[in-house]
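Written below as structure tokens is the structure these notes are about.
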Amino acid sequence: MNHATKGFKKPAVRLACSYIFDWILCIVLIALFLMLDNLTPFKRQFSVEDTSLMYPYKEKETIPTWALIVIAVVFPAVLMAVVSLAIRRSSYDFHNGFLGLLLSVSLTIAVTQVVKVTVGKHRPDFLDRCKPMLDGVAVIRDEPMKLWTVDICTTTDHSVFKDGMRSFPSGHASTSFAGLIYLSLWLAGKMHVFDRKGYSLKSVVLMVPVLTAILVTISRIEDYRHSAADVGWGTVIGIFFAFFAYHQYYPSIAATHSHIPYPPRDFSYLVKDNDDNVHEAGRIEALTGIHPNNESVDETQPPEQLADLEAQQK
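Taking numbering that gives the first Met the number 0, the leading residue of the sequence shown gets 0, the next gets one more, and so forth.
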């Protein structure tokens, strides 16, 4: 056994190799979000008589961005650290829990930002941000069979104006649900919520993150930043990625061992032989989970016959 093989068998090395691509993906997604945040959204035409755009612009948000980060990321991470490190004494559990949280939030904010920029939907307070004027006179009526463009907007605060075209979907709603629903799933797995022992306290604990996400979402409607459709679709996006990310690292919350994360993946293909050659066997399977066949298989056949064919190939 060479030194490379011995090194790979060390738990720390296996852990690093198993999850390095996950961490890189999260970093890339966050970078994508920051890059898209500097882009100008699609400039959609609008009507100055649209009552859904006539709400006043509120400078101070109920839940600003920094508070959203604390609620959706910092609070879940701290709680997971307390449970994993102080109670369960498992650094691996905390690693997987935090990585899943980061994956859930990073996927959510990247997708949300892409949709925001490409759709360019106006916020309910858009007209107050825009301040439409033409030849020094406020525009309060539409011309027959015509919509206005952003050329009639006279605002001098371009960052506020640009943000006024990022209504759909709600980033606060998607991010809060991505972080807090993930936390609820993580806690549900730790508490074995479906063990049929009926502890009502479990339901109360799990409802705290959910209720918090709901309140964050409601605040966006109260601040006239979003419509109900905006926060509704943001909620759907956040919940979807929370479930997706959680099940990348943990079994179903109904499983017997729902509190135990999946073991590190098998990345033995990274081990080099004595000639310093990388083993090719298993490279595709390990990275993608896609298993190639040695020969073509007719997948229109019944499952029983497919199983026989796969057995013959082995």
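Even glycine gets a Cβ: it sits at the ideal position worked out from N, Cα and C.
Residue i, DSSP secondary structure in three states
i	result
Leu-146	coil
Phe-314	Residue 314 lies beyond the stretch modelled for the chain, which goes from 0 to 313, so this question has no answer here.
Ala-76	helix
Leu-67	helix
Leu-133	strand
Glu-279	Confidence is the limiting factor: at Glu-279 the pLDDT is only 49, short of 50, which leaves the residue's position unreliable and the question unanswerable from this model.
Trp-22	helix
Asn-1	At Asn-1 the pLDDT is 49, less than 50, meaning the model places this residue with poor confidence; the figure from the coordinates comes in the next sentence. Reduced to three states, the DSSP call for Asn-1 is coil.
Nonlocal neighbours in the same chain, by C-beta distance under 6 Å from residue i, ignoring five residues either side
i	result
Thr-61	Ser-218, Asp-222
Tyr-54	Pro-123, Asp-124, Tyr-223
Tyr-245	Gly-99, Tyr-181, Leu-184
Ile-151	Pro-131, Leu-133, Val-138
Glu-48	Asp-141
Gly-178	Ala-71, Val-72, Pro-75, Val-104
Spatial neighbours of residue i in its chain, beta-carbon cut-off 8 Å, leaving aside the 5 residues before and after
i	result
Asp-229	Lys-120, Ser-166, Phe-167, Pro-168, Ser-169, Ala-172, Arg-219
Leu-24	Leu-102, Ser-105
Own chain partners of residue i with C-beta closer than 7 Å, once the 5 adjacent residues on each side are dropped
i	result
Phe-193	Ile-252, Ala-253
Phe-93	Met-79, Ala-80, Ser-83, Leu-84
Gly-96	Met-79, Ser-83, Trp-185
Ala-187	Leu-205, Ile-252
Lys-189	Val-82, His-258
Supposed close pair residue i, residue j - CB separation, criterion 8 Å
i	j	result
Gly-233	Thr-111	7 Å
Lys-42	Thr-148	7 Å
Leu-342	Val-113	Outside the shown range of the chain, which is 0 to 313, sits residue 342, and nothing can be said about it.
Leu-126	Leu-52	5 Å
Pro-250	Lys-161	Contact flag wrong, Cβ pair sits at about 43 Å.
Task: Stretch pair the region 99-108 + the region 224-242: three plus CB contacts closer than 8 Å - done: yes
- [ ] Would you check if there are 3 or more beta carbon pairs closer than 8 Å linking the region 134-145 to the region 62-69?
- [x] no
- [ ] Please specify which runs of the alpha helix (DSSP H), each continuous and at least 4 residues long, are wholly inside the region 190-267, giving them in chain order.
- [x] 199-221, 227-248
Open item on the list: Below 8 Å, how does it come out for the region 126-139 and the region 182-200: are there three or more Cβ pairs, yes or no?
Closed with: no
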